[in-house]
Amino acid sequence: MQALTNRVKQVDRKKLSFIESLYLPAIIKGMFITFSHIFKRKPTVRYPEKTRTFSPVFRGLHVLNRDEQGRENCTACGLCAVACPAEAITMEGAERKPGEEGLYREEKYAARYEINMLRCIFCGLCEEACPKDAIYLSETFAPANFQRKGFIYGKEDLLIPNPVTEPEAYAKAKGGRVAVK
Amino acid sequence: MFLSIDTAVIIEKLALIAVVVVASLVIAMYATFAERKVAAILQDRVGPNRAGPFGILQPLADGLKLFFKEEIIPNFSNKFLFILGPSLAMLTAMMTGAVVPWGDKIHILGRDFSLQIADINIGILYVFGVVSLGVYGIMIGSWASNNKFSLMGGLRAASQIISYELALGIALIALLMVTGTMSLKTMVVQQQAHWYSWNIVKQPLGFLIFLICAFAECNRTPFDLAEAESELIGGYHTEYSSMKLGFYLFAEYINMFISSTIMICLYFGGYGIPFFEHTVAAHCGTNWLAFWHILTLLFKVACFLFFFMWVRWTIPRFRYDQLMNLGWKILIPLSLFNMLVTGAVILFHQYGWHF
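For the record, the sequence lines run as chains A and B.
For what it's worth, the working numbering labels the leading residue of the first sequence as 6, then goes sequentially.
For what it's worth, the working numbering labels the leading residue of the second sequence as 37, then goes sequentially.
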């Protein structure tokens, strides 16, 4: 029969010779193969102690961004919620009162901002949609909780630490990510 | 001394029994750990490394887990036999250690303690008697489970062990013709003389047959048809849970340990230190010599246990007909041939050509 590819190997069905029928040569050969694997490098990454470096476009849990003075970027425009294909984002806008200029960058801000992490598919469209650079996907992943409602992340879970008052926590949350513009 | 000599002997033996039992339990425990580690390393994995440094507390965790599991005795099983099965497996596994010489002797409180529980002159026959009882543990347990898969596994174990015990025995007869003794202690002493006086030099074929049969006796891969997971769920221990399952699994490792020591005593000079026996004996006191002897024996055992695991993670399981063919059509004729040749050589050695 015509073979479809040139990788075909015909099965050899000839009778085993006496030496072969003892199985021992083949067994010894196999034993040496497994023995050689003792000295091979283990590909395992010992996870909790060591993590692999993420690619620059890795998409983990969301972070709500602040600017350099610690003011929230989000203006509750709703573009992220519109862009979200999984409809995971809900928000409520509010108007900035006089005296709150140190808290919010623009006149409008998100009073409530929730992302349902169980619905989210981590596609990153919210990050693309945001005109204010207010939301981006971090390198944190694999959240764990005992209840489903624990996965609905509110503003207190999402907001990045204030760069003015807690610069270390801010730097840690920011991670090694470079802004891809 | 306020102890009469008989009481002293009883205490000495009881202490030795306790030490041997505890030691073989600990070694079997760490054999399970070593098995997982060796398997992992041979497959380019890391293996258990979470419990304690390098995972050395893993066997404790495993044991604890087994103790806390629910103990299930199936409704339609024979309860007495169901419990008797694993107990018997464990008992026979532990009993074999009685005739193994773990070392020569130690000298404490002005008395010599022999490091062998019982130096009986039919030592190896005793081992065989006990080992062949081991199959009852599997048979009874599998039958009492009232489960077809279990029974199948038990039947396989029984037929396999019976077939391979024949070849094992015949291979051993050839060895006994060479050594002229059945006491393990005497055999070990005979092998201490030179490096080439190890029985493997005189009986390489016999050793090979013995080794293959020992694998079969221990129900180890490639002969683990009795518990073939892919065919029989779990084989004879399908219905077992908790520590009763643990006993079965544990008995396998103790069997491995004991059969390694038996093979070492028969073919690899027992506790004798290769090459340096006389040097060490000349420079050490009795107790230190005994210490080195035990260490040597344990080292040899470790090598054997590694070999057992190495084979397990290399060779796939036999098909049942291949198993029977190998046992009856190859190993038994081969061992008979070995016995014949050995007998001829011994006769030639004694009488030259004039017989």
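By construction, the Cβ of each residue, glycine as well, lies at the ideal position given by its N, Cα and C atoms.
Tell me the DSSP secondary structure of residue i in three-state form.
i	result
R71 of chain A	strand
H114 of chain A	In the sequence under discussion, the amino acid at residue 114 of chain A is Tyr, which differs from the His named in the question. The answer is strand: DSSP assigns Y114 of chain A an E or B state.
N11 of chain A	coil
L325 of chain B	helix
A264 of chain B	coil
L50 of chain B	helix
I126 of chain A	coil
N374 of chain B	helix
L21 of chain A	coil
N235 of chain B	helix
N182 of chain B	coil
L142 of chain A	strand
Y109 of chain A	strand
I94 of chain A	strand
Q94 of chain B	helix
A70 of chain B	helix
Residue i touches chain A at which residues, Cβ-Cβ below 8 angstroms?
i	result
W346 of chain B	M36, T39 and F40
For residue i, go through chain B and note every residue whose CB falls closer than 7 angstroms to its CB, in chain order.
i	result
P48 of chain A	D80
Among all the DSSP beta bridges, which residues are the ones paired with residue i?
i	result
K141 of chain B	B:S150
N253 of chain B	Sequence check: residue 253 of chain B is Glu here, not Asn. Looking at the DSSP assignment, E253 of chain B forms no beta bridge with any residue, so it has no partner.
A99 of chain A	A:Y114
L164 of chain A	A:L69
N121 of chain A	A:I157
E77 of chain A	A:R71 and A:Y109
Taking the C-alpha atoms as reference points, what is the distance between residue i and residue j?
i	j	result
F146 of chain A	D98 of chain B	31 angstroms
K238 of chain B	M292 of chain B	24 angstroms
M375 of chain B	L117 of chain B	40 angstroms
C125 of chain A	A93 of chain A	5 angstroms
I92 of chain B	A67 of chain B	11 angstroms
V185 of chain A	Y118 of chain A	Confidence is the limiting factor: at V185 of chain A the pLDDT is only 47, short of 50, which leaves the residue's position unreliable and the question unanswerable from this model.
A317 of chain B	F340 of chain B	25 angstroms
E265 of chain B	H273 of chain B	10 angstroms
F327 of chain B	H230 of chain B	20 angstroms
N111 of chain B	N183 of chain B	11 angstroms
E106 of chain A	G159 of chain A	22 angstroms
Please report whether the beta-carbon of residue i lies at a distance below 8 angstroms from any beta-carbon of chain A.
i	result
I156 of chain B	no
I77 of chain B	yes
I92 of chain B	no
I368 of chain B	no
W349 of chain B	yes
Cβ closer than 9 angstroms: which chain B residues qualify as neighbours of residue i?
i	result
I140 of chain A	What I140 of chain A touches in chain B: nothing, since even the nearest Cβ is about 37 angstroms away.
Is there a C-beta anywhere in chain B that falls below 8 angstroms from the one on residue i?
i	result
R51 of chain A	yes
R45 of chain A	The displayed chain sequence assigns Lys, not Arg, to residue 45 of chain A. Cβ-Cβ to chain B under 8 angstroms: yes for K45 of chain A.
I5 of chain A	The requested residue 5 of chain A does not occur in the structure, where chain A is confined to residues 6 to 186.
Determine whether the Cβ of residue i lies closer than 8 angstroms to any Cβ atom of chain E.
i	result
I32 of chain A	Given the protein chain composition of this structure (A and B), no chain E is represented.
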